[in-house]
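Counting in our numbering, the sequence shown runs from 1332 upward without gaps.
To start, the structure itself, in structure tokens.
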Amino acid sequence: MLDPVTLEILVTKVAATAEEMGIALQRSGRTIYVKETQDFGTGLVNHAGKLFCFPTTVGVCNMADNDASDVIRAVPELEPGDVIITNDPYRSGGLATHLPDLHLLQPYFHEGKVVCYGWCFIHSADVGGRVPSSISPSNHEIFQEGLMIPPLKLVKAGKFNPDVVAFIEANCRTAEENLGDLKAMVAALAVGERRVAGMIAQHGIEAFAAGTTEIIEYAAKKARDAFRTIPDGTYRFTDYLDDDLVSPLPVRIHATMTAKDGQLDIDFTGTDPQIAAAFNLPSAGKRHTWLTLRLLQYALTRDPSIPINAGILNSVTLHIPSGSLLNPVFPAAVGVRHATGNRMVDVINGLLAQAVPDFVRAAGCGLIIPVVLAEPADEHGKRKVDVVEPMTGGTGGRQGMDGVDGRDSSTSGMANNPVETVEASAGLTILRYGIRPDSGGAGKWRGGVGLELTFTPHQSGSQVLGRGMERFRFVPWGLLGGRCGMAARTIKNMGRPDEQELGKIDMIELQAGETITVMTPGGGGYGDPFERDPELVLQDVRRGFVTQAAARRDYGVVIVDGVLDRDATAALRADRELRKDTLFDLGTERRVWESVFDDALMARINGILFQKPASARQALRRRIFAPVLAVIERDRPFDRAALEAAGQAVRVILAEMEAAEAGREAAA
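If you want it as structure tokens, here you go:
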């Protein structure tokens, strides 16, 4: 067992190694998504497949709970200089979660034995599939999403395997860029190898080997203390994806968390079955980084001294029904799993808000939209495919602090792309990229505002793809009297006579001179907005975060020509009708939906669905909800009366199914 001083030294050194690997990858990467957006990760993995270090300031922030054990087992015969590659969510046991994420794993040797592994991943611009950038929400099976690479050797004894490289290059639209990023990844792994060798030389192999597990145990102990601040009890929360794309039917994520002395058990029973679209999140039924991220953030906020590694989640257990949205079975499509991952942050946040409402924030924007421009093919058949911006929105307000404007790093920590870099790389002109006024939820502490992006392509026939478009119907919720954030919007030719409200898009073709505008939600507000300091509201108006009309309507603050009218404000606030607030402001659409499809009815529906094989659930779900599908449309508000009538028809269908099942059981 390591002494405390040596343990702390190794904690710092391995974290610095992961950080240096990330810096090397960013500086040598080929694509904008690596160089600017930082959609990559680096770290060191022990023999059990667990990350024992992770960067704090470079790359994405949500990978510390990754599990590489299936990949390690899949390629057992390794020698110095080998590098394993995979992007297959199912064969990697959930290490990769969609095909554009290319993961590399390199064994690090000392005296002929593997001492640990270097790991990194990048998001590739394209890995083939039916659409440019490979990701389409309308894909219904993973075969449509691009090249699947099972765990195999990309590099053998220090040399790239030409057969594997050729196969990758032949199956993607951006072969040269992909190869450049792969070389940058191998270079980053070489940095990690040198630093590990240096630590072993200084501290000895015994100390380093002990550190690969004791660092995780150290983080686990500190995190357990952080989780003890969650009062013992059982908490339940539900949130939704707007729809499953193939229909306007909402998709439900439900969780029950039991907390006891810092041990957290979360049961996702009640979550909808996997769907025939690309929103499925491939967790392999394990504790998974996309499911536990908010808990990792909670622990680190309570105790920032905790080393970032897989041990933070050791006191967390999950139950994830097989064949559900959060644990799909092959060959379910998974390309837009980040939309579900973002909603998972809100679900866990909703659980925590009931336990420690004075500590957590209201819902953030709840989305990341990688807006992609695919230009027409040149005379050689090559196409440029670029991520214009990884659009996000504002964070939720919390006690004592407004949400962050235009920046919700809940699931990634990725950076935005500078306008100059995008215009130099892609054939477009960005006309506006800035904040979206009034999009943040009103509150004593305001939700952060969302963003607005408008651009026009240079070439006719250019295609724009939106990935992870959410919160068009079910808006980010407010907390303790705070109001909801504003819904997302997508508009073609905004402000022109031919303006068109697009709603969610999969892929749209634009001609030169046409424009597309993407507006993201703000976060939910926290606390009664009529208790917000009028001077802060005035400041928001002057900065463009809130309009004068919204200041009056939402905050009871009267501002005339940029000047605060204190007397009129006092009179308006005194005259308001007091509102009885619950813990959450969930928004009109959700209140209408849940007035019909409450927990009891949804438990009954999913109870029937999960009795059937995963392959049969989608058809049965459509049959059950047929009356609802007849009365709801994706881009229109719910009609309460029509929805209630449809709900009664659903109950009749359920009763018939239950009676038929009872008859079969009696006959048996």
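We treat Cβ as the ideally placed atom computed from N, Cα and C, and that holds for glycine.
As the structure is a computational prediction, the values presented were derived from the model and not from experiment.
Whether residue i touches residue j by CB criterion (9 Å)
i, j, result
"residue 1620", "residue 1397", "yes"
"residue 1349", "residue 1368", "no"
"residue 2002", "residue 1579", "In the structure as shown, the chain begins at 1332 and stops at 1999. Residue 2002 is therefore absent and cannot be evaluated."
"residue 1767", "residue 1758", "no"
"residue 1787", "residue 1845", "yes"
"residue 1723", "residue 1712", "no"
"residue 1871", "residue 1763", "no"
"residue 1693", "residue 1834", "no"
"residue 1649", "residue 1596", "yes"
"residue 1955", "residue 1936", "yes"
"residue 1516", "residue 1474", "no"
"residue 1555", "residue 1594", "yes"
"residue 1704", "residue 1542", "no"
"residue 1504", "residue 1574", "no"
"residue 1572", "residue 1584", "yes"
"residue 1671", "residue 1599", "no"
"residue 1837", "residue 1462", "yes"
"residue 1588", "residue 1499", "no"
"residue 1345", "residue 1384", "yes"
"residue 1365", "residue 1449", "no"
"residue 1459", "residue 1667", "no"
"residue 1675", "residue 1633", "no"
"residue 1653", "residue 1616", "yes"
"residue 1612", "residue 1640", "no"
"residue 1805", "residue 1921", "yes"
"residue 1643", "residue 1656", "no"
"residue 2000", "residue 1391", "The shown model of the chain, from 1332 to 1999, leaves out residue 2000, and the question about it has no answer."
"residue 1480", "residue 1557", "no"
"residue 1375", "residue 1523", "yes"
Spatially closest choice to residue i from the options, by CA coordinates
i, options, result
"residue 1825", "1705, 1990, 1917, 1847", "1847"
"residue 1482", "1417, 1506, 1497, 1525", "1417"
"residue 1409", "1371, 1381, 1486, 1395", "1486"
"residue 1966", "1430, 1589, 1581, 1438", "1581"
"residue 1411", "1530, 1488, 1837", "1488"
"residue 1863", "1591, 1733, 1908", "1733"
"residue 1895", "1991, 1963, 1947, 1880", "1880"
"residue 1832", "1849, 1651, 1765", "1849"
"residue 1646", "1659, 1341, 1591", "1591"
"residue 1628", "1742, 1608, 1610, 1704", "1742"
"residue 1446", "1981, 1525, 1424", "1525"
"residue 1938", "1927, 1917, 1887, 1985", "1985"
"residue 1700", "1636, 1820, 1926", "1820"
"residue 1739", "1616, 1717, 1807", "1807"
"residue 1875", "1765, 1355, 1344", "1765"
"residue 1953", "1381, 1352, 1606, 1438", "1606"
"residue 1716", "1437, 1669, 1507", "1507"
"residue 1338", "1841, 1550, 1972", "1550"
"residue 1472", "1681, 1885, 1608, 1333", "1608"
"residue 1662", "1334, 1945, 1995", "1945"
"residue 1888", "1421, 1492, 1861", "1861"
"residue 1906", "1673, 1886, 1890, 1917", "1886"
Per DSSP, cross-strand counterpart(s) of residue i
i, result
"residue 1776", "1857"
"residue 1700", "1722"
"residue 1315", "Because the chain spans 1332 through 1999 in this model, residue 1315 falls outside it and cannot be assessed."
"residue 1583", "1571"
"residue 1595", "1590, 1647"
"residue 1291", "Beyond the ends of the chain as shown, which are 1332 and 1999, falls residue 1291; an answer cannot be given."
"residue 1729", "1732"
"residue 1705", "1716, 1794"
"residue 2000", "The question about residue 2000 has no answer here: the residues shown for the chain are numbered 1332 through 1999."
"residue 1439", "1447"
"residue 1916", "1809"
"residue 1565", "1589"
Proximity test, Cβ basis, 9 Å: residue i and chain B
i, result
"residue 1920", "The displayed structure is made up of one protein chain only, and chain B is not part of it."
State whether the segment 1794-1814 contacts the segment 1894-1905, with contact taken as three or more CB pairs (one from each stretch) at a distance under 8 Å. no
Report yes or no: do the segment 1759-1776 and the segment 1723-1742 share at least 3 C-beta pairs separated by less than 8 Å? yes
Can you list, in chain order, the stretches of the alpha helix (DSSP H) that have 4 or more residues and sit fully within the segment 1384-1423? 1400-1405
Within 8 Å, do at least three Cβ pairs link the segment 1557-1571 to the segment 1685-1693? yes
What ranges does the alpha helix (DSSP H) occupy inside the segment 1444-1492, keeping only unbroken runs of at least 4 residues that lie completely in it? none
Is there contact here, the segment 1422-1432 with the segment 1463-1472, by at least three beta-carbon pairs under 8 Å? yes
The segment 1345-1362 touching the segment 1509-1523, judged by at least three CB pairs closer than 8 Å: yes
Please list the segments of the beta strand (DSSP E) lying wholly inside the segment 1610-1690, counting only runs of 3 or more residues, in order along the chain. 1647-1650
Per the contact definition of three or more C-beta pairs closer than 8 Å, is the segment 1915-1933 in contact with the segment 1966-1984? yes
Any chance you could list the alpha helix (DSSP H) runs of at least 4 consecutive residues sitting entirely within the segment 1797-1878, in chain order? 1865-1874
Restricting to runs no shorter than 3 residues, where is the beta strand (DSSP E) found entirely within the segment 1898-1960? none
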